[in-house]
Amino acid sequence: MTRIRFQQSLEDLKEQLLVMAGLAEQAIQRAIEAYRVRDLSICDLVSRSEIAINRLEREIDQAALDLLAMEQPMASDLRFILSVIKINADLERVGDSAKAISDRVRAMEQMAAADLPVDIPRMATLAAEMVRKCLQSFIEADADMARSVLAMDDAVDAMNKAAYKALTKVMEEQSHLAPQALNALMISRALERVADHATNIAEDVVFWVQGADVRHHKSVTGGRDPHALA
Amino acid sequence: MGVGIEVSNLNAWYGTNHTLQDINLHIPANHATALIGPSGCGKSTFVRCLNRMHETNPIARVTGTVLIGGLDIYNDAKPVEIRRRVGMVFQRPNPFPTMSIYDNVAAGLKLNGYTHRRALDEIVEKSLKNSALWDEVKDDLKKKSGASLSGGQQQRLCIARALAVDPEVLLMDEPASALDPVSTSKIEDLIFQLKSQYTIVIVTHNMQQAARVAEKTGFFLNGRMVEFDSTHKIFTNPSDKRTEDYITGRFG
């Protein structure tokens, strides 16, 4: 093997991204837990991890930029670095979504408890599973596993739509619960965004491993490309 | 205009060394085609087979068919005629050192008995313009020698010399490897312009250069052509693992 130093730099970049992934995954799990048990101390942890995530995002981008400028990578190495840059941005936004959820939990803590017609924990479980699975596919360079994440996004989208419909109805018919419903709607929206970021990451894993661009097939075909899900 | 090149079952030897084995490919007209591969893989031998220079070595031998614009260059044409139709530029610029810039460009034409003064002037000017050197040398055409130019200018002078005999194909064997980045960039820009008029085959060790100038790229290894595809495909997602390993620096 030649270019040993370059290969080591790619390994280092992957390690850095895995640290970032670990922080982002932990942040979303903590935000969900904060919602479930209404614990503001967990919200504080989410806020703190966002600072670390933002710092790592800059470091990873810089390391990737250096490799592009200094090493002129080709083929799978080039695809890997491009994927890292994009996954890095998506992970940072997963961190942002975690922070958004914890902010809503803080706000809801000031309000009277309300029994709302939305299953946030179930939606959160599915979104977190998508994050876990897309990151596992990155670790194992497993395009098939990444493709399986794409199929899960539709379920989260459907849950978000159902939440929108049900919570809008609450706001219309029980106006005294509108603040709680609005916060729940924002959490639902944040979870839907998390699922979108997991989908983006899965698409980037497929691109890195197979060189195939599986983005936006839904908008082109009216449904996901059946081959993309094979 | 450039012409396409069809290569079928091409084999080449240096003595008992089988340096090219069963090469088959189509090089499209008016495109730049890059050939990459580690040292000794056969890519330079391959281009030397395209203008019958390989056989100038007494221990060299070639079998197979090469059609240039439909002409079978090994069976239906003489080497001198082939080398007029297929120009070649080498790694190190090799202008005739004692000749003026003008005479360097006109040398091939004069060798072919071309003596019409005004026509020669026009061809020299056109060739120097096509090689992007005219503006830099037009006032010193007959005053300065080819050797007085910089390395990058000398290489463009050699390109002008090759263009003067009106070839259809231009072979370039690592044309910029001895040049600085600015001169390299000028040669690459030139290749980009020239391919509208000529078919260009470029051998290079600089993969970024291949990626920048060529539409098609072939990867040679141990005398065989492992993969030939669009440059985009070769450098982003090659089909063969050996190509992938070479361009990512895992061997070579």
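Sequence order for the protein chains is Z and A. Position one of the first sequence corresponds to residue 1 (the numbering used here), numbered consecutively onward. Position one of the second sequence corresponds to residue 1 (the numbering used here), numbered consecutively onward. The C-beta atom is built at its ideal place from N, Cα and C for all residues, glycine as well.
Residues of chain A with a Cβ closer than 8 Å to the Cβ of R147 of chain Z do not exist, since the nearest Cβ in that chain sits about 17 Å away.
Counting along the chain, the unbroken alpha helix (DSSP H) around G95 of chain Z starts and ends at 75-109.
For the segment 198-214 of chain A, residues whose beta-carbon sits nearer than 9 Å to a beta-carbon of chain Z comprise M207, Q208, A211. DSSP, read as helix, strand or coil, puts R38 of chain Z in coil.
Listed along the chain, the chain A residues whose CB falls inside 9 Å of the CB of R3 of chain Z are T248, G249, R250. With contacts defined as CB atoms closer than 8 Å, L179 of chain A and A160 of chain A fail to qualify as a contacting pair. With respect to chain Z, the C-beta atom of T236 of chain A has a partner C-beta closer than 8 Å.
Using a Cβ-Cβ cut-off of 8 Å, Q8 of chain Z does not count as an interface residue toward chain A, since no Cβ of chain A sits closer than that to its own.
E244 of chain A reaches chain Z at A75, S76, counting residues in chain order whose Cβ is nearer than 7 Å. Below the 7 Å Cβ cutoff, chain A contributes T236, N237 as neighbours of G211 of chain Z, in chain order. Identification of chain A residues near R79 of chain Z by a Cβ-Cβ cut-off of 8 Å yields T236, N237, ordered along the chain.
Listed in chain order, the non-local C-beta contacts of L126 of chain Z below 8 Å within the same chain comprise M152, A155, V156, M159, A195, local neighbours out to five positions each way being set aside. Between A143 of chain Z and Q210 of chain Z, the C-beta spacing is below 8 Å. Membership of L67 of chain A in the beta strand (DSSP E) is indicated by the continuous run 60-68. The residue among A:T98, A:R250, A:S44, A:M53 with its C-alpha nearest the C-alpha of L149 of chain A is A:T98.
Secondary structure at I36 of chain A: strand, using DSSP grouped into helix, strand and coil.
The C-alpha of M111 of chain Z is placed about 30 Å away from the C-alpha of H197 of chain Z. Judged by their CB atoms, I5 of chain A and T199 of chain A are nearer to each other than the 8 Å cut-off. Looking from the CA of K216 of chain A, the closest CA among A:H18, A:A34, A:L170, A:R48 belongs to A:A34. For the segment 175-188 of chain Z, no residue has a beta-carbon sitting nearer than 7 Å to a beta-carbon of chain A. The Cβ of Q72 of chain Z sits closer than 8 Å to at least one Cβ of chain A. In this structure, the straight-line span from the alpha carbon of D77 of chain Z to that of E129 of chain Z is close to 28 Å.
The beta-bridge partner set that DSSP reports for F219 of chain A consists of A:I36, A:E227. For Y14 of chain A, the three-state secondary structure derived from DSSP is strand. For E6 of chain A, DSSP records a beta bridge to A:H26, A:L67. Between the alpha carbons of I247 of chain A and K165 of chain Z lies a distance of about 53 Å. Assigned with DSSP and collapsed to three states, S148 of chain A falls in helix. Linking A29 of chain A to D66 of chain Z through their CA atoms gives a straight-line distance of about 38 Å. In this structure S83 of chain Z does not touch F6 of chain Z by the C-beta definition: roughly 17 Å separates them, more than the 8 Å allowed. In this structure M108 of chain Z does not touch E57 of chain Z by the C-beta definition: roughly 28 Å separates them, more than the 8 Å allowed. According to the DSSP assignment, L170 of chain A belongs to the beta strand (DSSP E) that extends over 169-173. Rounded to whole angstroms, the Cβ separation of Q91 of chain A and S177 of chain A is 5 Å, and the two are in contact under 8 Å. Apart from sequence neighbours up to five positions away, the residues of its chain that approach I87 of chain Z with a beta-carbon distance below 6 Å are I201, D204, ordered along the chain. Note on geometry: alpha-carbon atoms of I42 of chain Z and F251 of chain A lie some 50 Å from one another.
Ranked by Cα distance from D103 of chain Z, the options Z:E15, Z:A34, Z:E192 are led by Z:A34. Contact between the segment 1-18 of chain A and the segment 57-69 of chain A is established, with three or more Cβ pairs separated by less than 8 Å.
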